[in-house]
Amino acid sequence: LEVPEFEHLRYEVEDGIALVTLARPKALNALSGEVLRELAEVVEVIHQDPEVRAVIFTGEGKAFVAGADISEIAALSDVFVSREYSLLGQEVMNAVAALPVPTIAAINGYALGGGLELALACDLRVASVKAKLGLPEVGLGLIPGFGGTQRLPRLIGQGRALDLILTGRHVSAEEALQLGLVNRVAEDALEAAKDLARTILKNGPVALALAKEAVARGADVPLAEALEIEADLFGLACSTQDMREGTRAFLEKRAPEFKGE
Ligand code: HXC
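Residue numbers for the sequence shown follow our numbering, beginning at 641 and rising by one.
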């Protein structure tokens, strides 16, 4: 598998866990067009790498990602060009959300604007005690444009999302935990994210992918249809070797050895 050279991010895979580190520290890892392109590329690499069983996104230095690059946004004015810019960012976040393996944002510091939108495209969020999260776009005369107005209310509810979107305020990791915006708070977000990934990876790999698919597809359709999706995927899970192994191991009082098939 050919992994391209990246200028603004690092990509490593260890024990099935891919680690993507946004590394453009002079701009607090802000998502320039160049960074977005590299992010899209690394997600494509992950899609094609059968060794990857979980993904962690994090940032170098004191920020996770401080947003889209404001110097590039400042140059936008044409309605159609700006709309395309939003769609391009949304596409990258959609590609992250569409990864079939569990994804975790290890929020080591500032996760603002486009940075929080990247974290929202992940399945789970682990924040460091020092992290600050928010959608400050309205303070710039903008609105969130990489999915934030849609993924945030779906995650934490409209009222709480509008509090963050309309004030633009930064919330602490502790408040983010209370809001349900993050799943865990830890001294070291990356270590905690790795622990969480290892816990997840003890489970059946096919079941993980099917569970993620059921939640994602069900979120966009009426309940009756969503329940059919669940039943279809449950049926599929029961046809796997992993299910045979998992249930047999329980009955034989031993740990399962999943093969991911
Ligand atoms: C470009 C950025 C940046 C950003 C920080 N920098 N955030 N450059 N885009 N989003 C740069 C600063 O200009 C500065 O460059 C360097 O990074 C360090 O930042 P400081 O501000 O000096 O650091 P500090 O005082 O510690 O403050 C940290 C901060 C602040 C609170 C995170 O940087 C900040 O408020 N940043 C902007 C956050 C934001 O508004 N994000 C939303 C962007 S809009 P120099 O060269 O001076 O050292 C967005 C829209 C997405 O994301 C959707 C679009 C469709």
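All C-beta atoms, glycine included, are put in the ideal place defined by N, C-alpha and C.
Counting of Cβ neighbours within 10 angstroms places serine 711 among the exposed residues, the total staying below 16. In this structure proline 742 is buried. Its beta-carbon is surrounded by 16 or more other beta-carbon atoms within 10 angstroms.
Taken through DSSP and simplified to helix, strand or coil, threonine 743 comes out as strand.
Within the same chain, Leu671, Gly707, Ala708, Phe786 come within 6 Å of glycine 754 by CB-CB distance, once the 5 residues on both sides are set aside. Beta-bridge partners of serine 812 (DSSP): Lys772. Cβ neighbours of alanine 877 within its own chain (closer than 6 Å, five residues either side excluded): Ala847, Leu850, Met883. Note on the stretch 660-714: whole alpha helix (DSSP H) runs with a minimum of 4 residues are 673-688, 710-713, in chain order. The closest heavy atom of the ligand HXC lies 7 Å or more from the beta carbon of glycine 886.
Leucine 802 counts as exposed, since fewer than 16 other beta carbons sit within 10 angstroms of its beta carbon. In this structure alanine 864 is exposed. Its beta-carbon is surrounded by fewer than 16 other beta-carbon atoms within 10 angstroms.
Assignment of alanine 751 by DSSP, reduced to helix, strand and coil, places it in the strand class. Residue burial is scored here from C-beta neighbours: glutamate 678 has at least 16 other C-beta atoms within 10 angstroms and is therefore classed as buried. The C-alpha of leucine 676 is placed about 15 Å away from the C-alpha of proline 644. By the neighbour-count criterion, in which a residue is buried when 16 or more other Cβ atoms sit within 10 angstroms of its Cβ, threonine 839 is exposed. Remark: three or more beta-carbon pairs, one from each stretch, lie closer than 8 Å, so the stretch 772-787 and the stretch 805-812 are flagged as touching.
Relative to the ligand HXC, tyrosine 651 has its C-beta separated by 7 Å or more from all heavy atoms. Relative to the ligand HXC, aspartate 709 has its C-beta within less than 7 Å of a heavy atom. Bridge partners of glutamate 724 according to DSSP: none are assigned. With fewer than 16 other beta carbons inside 10 angstroms of its own, lysine 899 counts as exposed. A direct Cα-to-Cα measurement between leucine 727 and arginine 791 gives close to 15 Å.
Runs of the alpha helix (DSSP H) lying entirely within the stretch 838-864 and spanning at least 4 residues, in chain order: 845-859.
Scanning Ile657, Glu684, Thr661, Pro740 for the CA closest to the CA of alanine 703 turns up Thr661.
In the displayed model, arginine 894 falls within coil according to three-state DSSP, outside both helix and strand. Looking only at Val692, Ile713, Ala759, the smallest Cα-Cα distance to proline 740 is reached by Val692.
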